[in-house]
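Residue numbers (my numbering): -13 to 498.
Using N, Cα and C, we set each Cβ at its ideal position, and we do this for glycine too.
Please read all numbers here as calculations on a predicted model, not as lab measurements.
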């Protein structure tokens, strides 16, 4: 079986449901992309590829390997080509697409070829920088001193050196500023990247004229990205390759759903008209409402349900949605508590549509999202993702949201029995060991609070009151919220005497 590359593509006859453009023009390289992993290839590169197919961009992407070991060699062996599988549920119907993505021109390994990266900075065609170097990538490291002619250690260091070389090449021409679009999963990623680059420039003692050019002639765009990317389908790869008729070591997979929110001026929307190509891309001057919607509905549905589902004996999100007890719990958690809890009515329809899409995504048969992976750092996640919904619901309706309170009780109950070391909680579920990470102080406090618990109503109230008074976790004393301590204590008592599934079934009956 031949390997996918441009020579092979010249004579390839599509099969196995593959879509691609048989005659792909060689466009100029217009995007430098820090990161070559699954997410960028299944999200950003797919979008630029779609723009090219519709004649709305006419440019290619140069990927940059962000760490010393990566995919550069494989990408270049395949001339930047790879197959993308997108699968999911839309309005109850399972759908799948298969495409050959042609937008990548090559990949540069800066650890082996720093000069080629700087040569890209010299190109007048280069306009855009995109990145996904993990959440830790946008971080200023004062030890990353300037190294003449050598690769910088950090992403901000590499990017500052790239921009400085471009500034020198074009003698500070303001028209040669670049549009920087980070996709790292941190809030205000554009502003944080700009801050890090300024810190690097100050550390290196770069000229004030360069710093002004960087801040005034370049755009820093904050973004919100949303697509589950599953990556290389290892178990299915032989079958898929037999169907499509070639070997692809860069097969990539993800869900059909996608959302990209970019915070920037309208002029950038005209230069990157993703929305005109039918993509779910939003240009806005304020991404906060979109981020709030995603955090509270998508992430909140996850964090508000996975602990309960895990201790009901389930392992994946899809199992959770198909279960006769946890399925209705998640549905009602989203529809009757999280979505109604928003205090503003503006965008209500968009929230309801997003909530429906979230539940379809949870049911995707092609994504095995394990509950344990979502349960990491549950205490801080609940504070950010679910507590605002709980408090807003109480403020709006004058009563507590029972499912969110049950979720909170599940989180507290998770840490009843086990051991803690180095921020890792180790316990068992039905005799099978498991472990999760969380804040070390919270874990130590949890074990101490549950110590000598006697499974009585009085003791359950003591545990509930102690946890809810922990201001260092919740940023306030939840014990002061009327009726929250007794409701949480009652759920804790049921969980510790009946078991999680029986406690949930009892609660479901009481909520009818």
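DSSP places residue 67 in no alpha helix (DSSP H); its state is neither H nor E.
Taking the Cα positions, residue 270 is about 37 Å away from residue 295. Residue range 486 to 496 is occupied by the alpha helix (DSSP H) that includes residue 487, with no beta strand (DSSP E) assigned at that position. With contacts defined by Cβ atoms closer than 8 Å, residue 83 and residue 35 do not form a contacting pair. DSSP places residue 238 in the strand class (E or B) of the three-state scheme. C-alpha of residue 183 to C-alpha of residue 440: approximately 55 Å in a straight line. Residue pairing for residue 233: DSSP places it in a beta bridge opposite -11.
By the CB criterion at 8 Å, residue 460 and residue 449 fall outside the cutoff.
Every unbroken stretch of the alpha helix (DSSP H) spanning 4 or more residues and falling wholly within the region 112 to 164 is given here in chain order: 141 to 155. Closest in C-alpha terms to residue 76, from the list 493, 343, 492, 420, comes 343. Secondary structure of residue 89 (DSSP, three-state): coil. Residue 413 sits in a strand when the DSSP states are folded into three classes. Pairwise C-beta distances place the region 182 to 201 in contact with the region 118 to 134, as three or more of them are shorter than 8 Å. Collapsing the DSSP output to three states places residue 47 in a strand. Counting along the chain, residue 172 sits inside no beta strand (DSSP E), nor does DSSP assign it H or E at all.
In chain order, 237 place their CB closer than 7 Å to the CB of residue 223, counting only its own chain and leaving out the 5 sequence neighbours on each side. Relative to the Cα of residue 25, the nearest Cα in the group 138, 57, 1 belongs to 57. For residue 297, the number of other beta carbons within 10 angstroms of its own is at least 16, and it is reported as buried. Short of 7 Å from the beta carbon of residue 469, and not among the five residues preceding or following it, lie these beta carbons of its own chain, in chain order: 386. In the three-state reduction of the DSSP assignment, residue 453 falls in the helix class, which pools H, G and I.
Remark: C-beta atoms of residue 320 and residue 345 approach each other more closely than 8 Å.
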